[in-house]
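A.B. asks:
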Ligand SMILES: NC(=O)c1ccc[n+]([C@@H]2O[C@H](COP(=O)([O-])OP(=O)(O)OC[C@H]3O[C@@H](n4cnc5c(N)ncnc54)[C@H](OP(=O)(O)O)[C@@H]3O)[C@@H](O)[C@H]2O)c1
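Residue numbers (the UniProt record's numbering): 1 to 328.
(1) Would you report the Cα separation of residue 2 and residue 300, rounded to the nearest angstrom?
(2) Cα-Cα, which of 291, 276, 307 is closest to residue 333?
(3) Between residue 211 and residue 186, what straight-line distance do the alpha-carbon atoms span, to the nearest angstrom?
(4) What do you reckon, is the C-beta of residue 233 under 7 Å from a heavy atom of ligand 1?
(5) Does the beta carbon of residue 100 fall short of 7 Å from some heavy atom of ligand 1?
(6) Going by DSSP in three states, residue 229 sits in which element: helix, strand or coil?
(7) Quick check: the Cα distance between residue 97 and residue 72, rounded to an integer number of angstroms?
(8) I'd like the list of long-range same chain contacts for residue 303, defined as Cβ closer than 8 Å, with 5 residues on each side in sequence excluded.
(9) Terminal residues of the continuous beta strand (DSSP E) containing residue 250?
(10) Quick one: which unbroken alpha helix (DSSP H) runs of 4-plus residues sit fully inside the region 25–79? Chain order, please.
(11) Going by beta-carbon coordinates alone, are residue 58 and residue 95 separated by less than 8 Å?
(12) Quick one: does residue 247 have its CB under 8 Å from some CB of chain C?
(13) Please report the residue range of the alpha helix (DSSP H) in which residue 185 lies.
(14) Just the Cα atoms here: how many angstroms apart are residue 60 and residue 47?
(15) Give the straight-line distance between the Cα atoms of residue 79 and residue 99, rounded to the nearest whole angstrom.
(16) Applying the criterion that 16 or more other CB atoms from any shown protein chain within 10 Å of the CB defines a buried residue, is residue 157 buried or exposed?
(17) According to DSSP, residue 238 sits in a beta bridge with which residue or residues?
(18) For residue 127, which residues in the same chain have their Cβ closer than 7 Å to its Cβ, ignoring the five residues on either side in sequence?
(19) Between the alpha carbons of residue 26 and residue 119, how many angstroms are there, rounded?
(20) Measuring straight from C-alpha to C-alpha, what distance separates residue 323 and residue 56?
(21) Helix, strand or coil: how does DSSP classify residue 107 here?
(22) Quick one: grab the DSSP three-state call for residue 321.
(23) By a C-beta neighbour count over all protein chains shown, 10 Å radius and 16 as the cutoff for buried, is residue 237 buried or exposed?
(24) Under the three-state reduction of DSSP, which class applies to residue 327: helix, strand or coil?
(25) What does the alpha-carbon distance come out to for the pair residue 243 and residue 84?
(26) As an exercise, report each continuous beta strand (DSSP E) stretch of at least 3 residues that is fully enclosed by the region 259–325, in chain order.
(27) Sorted by chain position, which residues of the same chain lie with C-beta nearer than 7 Å to residue 50's C-beta, five sequence neighbours on each side aside?
(28) May I have the straight-line CA-CA distance separating residue 248 from residue 173, to the nearest angstrom?
(29) If we ignore side chains and look at the alpha-carbon of each, how far apart do residue 298 and residue 5 end up?
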């Protein structure tokens, strides 16, 4: 294998909620990756995570990176810590799977991906949802012409208010709805409209106390004029989907970004005046993501995941710089 060994020995940086709820249980299903060590700032937390997931506990992230028995790390830290710790891990010679957003700015993404290319290490951003089979079902319908020619996409990811102490409320940790929730519908827009998207307009609503954006929207336009309208936030009722609107109908997906492993998604197809609900089979998007990570390392595919990170960061930055801000 060009870039690793089997099974790949993985370290975890930060005993995050997403790690214990989705990532580590998904990892346990794979034979080609093994969780070797987990690091926390807190020794007790590292101990309990390690016991639960059968790994070595480590106190401190630097201490984990210094271990000689790792090939890769998974980084589910607060957003502002992603790029700095991904950079340190790459410098330590480790492949990196980092939570979204891999970087908060386009420059930061460029620096990080340059480092990954120089070191010939895989740096992948965790957008597990693109690997869920429900996305293939939508793409297939689109390709078959089920809704005619695509005219526009609307995509939203938003949820009700979070606890006061949540990392997403803290500007110094890279909090805010654009970097946390907005990145999903923007990734969905890239999936269907490609990477030459112009940001025609955007708004962000900034929380008066927390000083982070808690709601936002953007209008994007592709080179041929197909548009995408995205909405996101965490002061909303729950919405986690997208609708593709074509010349002859519409396709809607209702749990597009965060489908649990046992969840059977419903796809809505509207055409010829009829609405049909199709129940799809559940899929394990996090397990697939980890498998893709291991495969990229095995193939030595450094360029593909890095390019994706750069394109995503450029689009997110364009939304942030275009946005007109309003207080909330
Ligand atoms: N891909 C997805 O589907 C998905 C879903 C949810 C979240 N996420 C992403 O995953 C990341 C973590 O989200 P989460 O909801 O799991 O957050 P969380 O439970 O708050 O975990 C963040 C972890 O970061 C570490 N940390 C280091 N410095 C910290 C600080 N100053 N304050 C707070 N925590 C600090 C902590 O680990 P220790 O205390 O152990 O050091 C903490 O457990 C975020 O980037 C988020 O965007 C991705």
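Don't be surprised by glycine CBs; every beta carbon is placed ideally from N, CA and C.
Since this is a predicted model, take the numbers as computed values, not measurements.
C.D. replies: To lay it out plainly:
(1) Position 2 of the chain shown holds residue 2. Position 300 of the chain shown holds residue 300. In this predicted model, residue 2 has a pLDDT of only 49, less than 50, meaning its place in the structure is not dependable; the value taken from the coordinates is given anyway. Residue 2 and residue 300: Cα-Cα distance of roughly 6 Å.
(2) A query on residue 333 cannot be resolved here, the shown segment of the chain reaching from 1 to 328 and no further.
(3) Stepping through the chain shown from its first residue, residue 211 is reached at position 211. Stepping through the chain shown from its first residue, residue 186 is reached at position 186. Near 22 Å, if we compare the C-alpha coordinates of residue 186 and residue 211.
(4) For the purposes of this step, residue 233 is taken as residue 233 along the chain shown, with counting starting at 1. With a threshold of 7 Å, the Cβ atom of residue 233 does not count as near ligand 1, since no heavy atom of the ligand is closer than that.
(5) Numbered from its first residue, the chain shown carries residue 100 at position 100. Yes, the beta carbon of residue 100 sits closer than 7 Å to at least one heavy atom of ligand 1.
(6) On the chain shown, position 229 is the one that residue 229 refers to. DSSP, reduced to helix, strand and coil, places residue 229 within a strand of the structure shown.
(7) In the chain shown, counting from the first residue as 1, residue 97 sits at position 97. In the chain shown, counting from the first residue as 1, residue 72 sits at position 72. Spanning the two alpha carbons is a distance of roughly 8 Å.
(8) Sequence index remark: in the chain shown, residue 303 carries index 303 (1-based). Once the five neighbours on either side are set aside, the close Cβ partners of residue 303 are 117.
(9) What you label residue 250 is simply residue 250 of the chain shown in a count that begins at 1. Residue 250 -> beta strand (DSSP E) spans 249–253.
(10) Counting only runs of 4 or more, we get 43–53, 61–65.
(11) In the chain shown, counting from the first residue as 1, residue 58 sits at position 58. In the chain shown, counting from the first residue as 1, residue 95 sits at position 95. Their beta carbons are not under 8 Å apart, which means residue 58 does not touch residue 95 by this criterion.
(12) The structure shown contains no chain C; it holds only a single protein chain.
(13) Your numbering for residue 185 matches position 185 in the chain shown. Per DSSP, residue 185 belongs to the alpha helix (DSSP H) from 183–193.
(14) The sequence position of residue 60 within the chain shown is 60, counting from 1. The sequence position of residue 47 within the chain shown is 47, counting from 1. So the alpha carbons of these two residues sit roughly 12 Å apart.
(15) Mapped onto the chain shown, residue 79 falls at position 79. Mapped onto the chain shown, residue 99 falls at position 99. CA-to-CA, the gap between residue 79 and residue 99 works out to about 8 Å.
(16) Residue 157 sits at position 157 when you count from the first residue of the chain shown. Burial is judged here by how many other beta carbons sit within 10 angstroms of a residue's own beta carbon; residue 157 has at least 16 and is buried.
(17) Within the chain shown, numbered from 1, the residue matching residue 238 stands at position 238. BP columns for residue 238 are empty, so no partner.
(18) Along the chain shown, one-based indexing puts residue 127 at 127. Around residue 127: 100, 187.
(19) In the chain shown, residue 26 corresponds to position 26, counting from 1. In the chain shown, residue 119 corresponds to position 119, counting from 1. When only Cα atoms are considered, residue 26 and residue 119 end up about 28 Å apart.
(20) Here residue 323 is taken as the residue at index 323 of the chain shown, counted from 1. Here residue 56 is taken as the residue at index 56 of the chain shown, counted from 1. Answer to the nearest angstrom: the Cα atoms are 45 Å apart.
(21) Working through the chain shown from its first residue, we reach residue 107 at position 107. Residue 107 falls in the helix class under three-state DSSP.
(22) Within the chain shown, numbered from 1, the residue matching residue 321 stands at position 321. Three-state result, residue 321: helix.
(23) Counted from its first residue, the chain shown places residue 237 at position 237. When all chains shown are included, residue 237 counts as exposed.
(24) Walking along the chain shown from the start, residue 327 turns up at place 327. In this structure, residue 327 counts as strand in the three-state DSSP scheme.
(25) Numbered from its first residue, the chain shown carries residue 243 at position 243. Numbered from its first residue, the chain shown carries residue 84 at position 84. Across the structure, residue 243 and residue 84 are spaced so that their CA atoms are roughly 36 Å apart.
(26) Runs of the beta strand (DSSP E) inside the region 259–325: 266–271, 274–279.
(27) Taking the chain shown and counting its residues from 1, the one referred to as residue 50 is at position 50. Excluding positions up to five away in sequence, the list reads 38, 56, 57.
(28) For the purposes of this step, residue 248 is identified with residue 248 of the chain shown, where counting begins at 1. For the purposes of this step, residue 173 is identified with residue 173 of the chain shown, where counting begins at 1. Spanning the two alpha carbons is a distance of roughly 45 Å.
(29) Counting from one through the chain shown, the residue named residue 298 turns up at place 298. Counting from one through the chain shown, the residue named residue 5 turns up at place 5. C-alpha separation (whole angstroms): 8 Å.
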